[in-house]
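Okay, structure first, notes after.
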Amino acid sequence: MEDTCIGFIGFGLIGGSIARALKSKNKATKLIAYNYHAGKINASLELAKSDGVLDCIVTSFNDGFHECDMIFLCAPVLDNIKYLTQLKPFLKPSCILTDVGSVKGNIHKAVSSLGLDNHFIGGHPMAGTEKTGYEHSMATLLENAYYVLTPTKTTTEANLNKLIDLVSLTGAIPVVLDADYHDDIVSAISHVPHIISASLVNMVKDQDDENETMRLLAAGGFKDITRISSSSPIMWQNICLTNKDSILRFLHLYIEKLTAIQTYVENQDQDKLLNFFDEAKSYRDQIPNKSVGLIEKVHELYLDLIDEEGAIATVATILATNHISIKNIGIIHNREFENGVLRLELYTEEGAIKAVKCLRNYNYTIYER
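The sequence shown begins at 975 in my numbering and counts up by one.
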């Protein structure tokens, strides 16, 4: 890694987090990023450079990218494909080209048509938040998250191992999959759920009254299931345009499930209703409760609070004096299916564990999710 030069095209949450992680492991690694706004200052890239994350910002691939041992395509999926043609003349023979898009089929086809199979290994870090942009990136974002790699038929074992080693440096867990199989998996567990989430939000929005009473009372399960709807609309537009077949397949399967539950409700079929929810609960309860999926785990806890002056400030002071940073704090006004008046969101799992222990020492009643 000491003499390694790594280039980035696109430098938002994922690209920035990868760069932060690599730089934190080895300051000598040279990291450069492409500013596609020629003649204009890119505030995010300048911030990354002032942070010491980036060593160089360029406006031409001829200005540094020919030195790269590895290049990360971190722009939206369709833009990544467009950059392939522009990059091709500047790739040195040993350069590994990878991406971070959540759809792999389209870019693999484009790579093959351009004769870049020897260079390319698809990548998909299965981590992130609903936030976007370099300013939200962090060196620990990929820690313990699966990072899928999709080699081509001509990828050498040596190149695959190089990328596996580099991914491991970020703290992620490399998983090697076939590109098409990957697209089916993420369609089922990420793409269709996002469409469902957005559809549910839009349904409630369309049915809300002029005082937006539904939005006012929305909490609990509604906020949990629709949190991902706050992520980038452009990214999800790209995903739907590039993973059409897999998304349609699982949308049809989901519609079949909805039609079935609609029939159970209409017929008041007690046994089938119970089995429907029981099967879902049983499967859902077996999903690991840690940050290894597509959406970063929210480190949160809830506690009972007496309604008196300074109550929230007291909690915040207790945590601050114990060097525990709070990411978010707020009162839960709708506690249907929930316990706890005050919601605390922490930055890390370690912080949440420490906060629980600390507040319990002060006799607060804590509810963990």
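Glycine included, C-beta positions come from ideal geometry on N, C-alpha and C.
All figures in this text were calculated on a predicted structure; none of them were measured in a lab.
Nearest-angstrom Cβ-Cβ length linking residue i and residue j, presumed shorter than 8 Å
i, j, result
"I1137", "L1123", "At residue 1137 the sequence reads Leu, which differs from the Ile that was named. Their Cβ separation, rounded to whole angstroms, is 6 Å, which keeps L1137 and L1123 in contact under 8 Å."
"K1023", "I1031", "6 Å"
"L1088", "L1058", "6 Å"
"Y1010", "F982", "With a Cβ gap of about 11 Å, Y1010 and F982 do not count as contacting."
"I1303", "C1332", "15 Å between Cβ atoms; not a contact."
"L1318", "I1305", "That pair is no contact at about 11 Å."
Separation of residue j from residue i, as counted between CA atoms
i, j, result
"I1006", "F1094", "19 Å"
"D1025", "A1002", "15 Å"
"G986", "G1075", "12 Å"
"S1205", "T1106", "7 Å"
"Q1242", "F1250", "13 Å"
"A1146", "G1102", "12 Å"
"A1132", "Q1181", "56 Å"
"L1320", "L1293", "10 Å"
"L1071", "P1125", "11 Å"
"P1099", "G1284", "42 Å"
"S1220", "W1210", "14 Å"
"K1255", "N1212", "32 Å"
"S1018", "L1028", "11 Å"
"V1077", "T1291", "45 Å"
"A1113", "L1021", "15 Å"
"L1065", "D1252", "54 Å"
"I1235", "L1247", "7 Å"
"L1268", "R1258", "Caution is warranted here: a pLDDT of 44 is assigned to L1268, below 50, making its placement in the model unreliable, and the coordinate value is therefore given only provisionally. The straight-line gap from Cα to Cα measures roughly 15 Å."
"E1282", "M1188", "28 Å"
"I988", "E1240", "45 Å"
"T978", "E1041", "9 Å"
"F1039", "D1139", "21 Å"
"N1000", "I980", "12 Å"
"L1225", "K1004", "44 Å"
"L1222", "E1230", "12 Å"
"P1067", "A1162", "37 Å"
"V1150", "G1079", "15 Å"
"K1062", "A1049", "17 Å"
"S1034", "D1073", "19 Å"
"I1327", "N1118", "17 Å"
Own chain residues within Cβ distance below 8 Å of residue i, not counting five before or after
i, result
"N1337", "none"
"N1185", "none"
"G1325", "H1273, I1298, S1299"
Which listed residue (the options) has its alpha carbon closest to that of residue i
i, options, result
"H1156", "D1252, E1282, E1240, H1082", "H1082"
"R1334", "I1303, S1299, L1279", "L1279"
"N1296", "T1288, N1302, I1303", "T1288"
"G1097", "D1154, L1065, I1169, T1033", "D1154"
"N1135", "D1252, M1044, H1040", "M1044"
"R1201", "C1214, Y1228, P1167", "P1167"
"I1199", "V1085, A993, I1169", "I1169"
"L1116", "K1328, D1245, A995", "A995"
"C1069", "S998, M1177, L1277, T1130", "T1130"
"D1037", "V1051, A1012, A1084", "A1012"
Boundaries of the alpha helix (DSSP H) in which residue i is found, first to last residue
i, result
"T1233", "1218-1240"
"I1169", "1166-1181"
"C1332", "1323-1335"
"T1288", "1285-1295"
"K1056", "1051-1061"
"H1082", "1079-1087"
"D1252", "1244-1258"
"L1190", "1187-1191"
Cβ shell of residue i (< 7 Å), same chain only, five flanking positions each side left out
i, result
"N1092", "T1128"
"C1214", "I1221"
Residue span of the beta strand (DSSP E) that contains residue i, given as start and end
i, result
"K1004", "1004-1008"
"L1134", "Note, L1134: premise wrong, no beta strand (DSSP E); alpha helix (DSSP H) at 1131-1143."
"E1319", "1316-1320"
"I1159", "Element bounds for I1159: not the beta strand (DSSP E) but the alpha helix (DSSP H), 1153-1160."
"K1124", "Lys is not the amino acid found at residue 1124; the sequence shown has Thr there. Residues 1120-1125."
Same chain only: Cβ atoms within 6 Å of residue i, ignoring 5 sequence neighbours per side
i, result
"G990", "Y1108, S1111"
"S1203", "S1171, A1172, V1175"
"D1158", "S1220"
"Y1121", "P1099, V1141, A1146, P1148"
Below-9 Å beta-carbon distance, residue i vs any chain C residue
i, result
"L1275", "The structure shown contains no chain C; it is built from a single protein chain."
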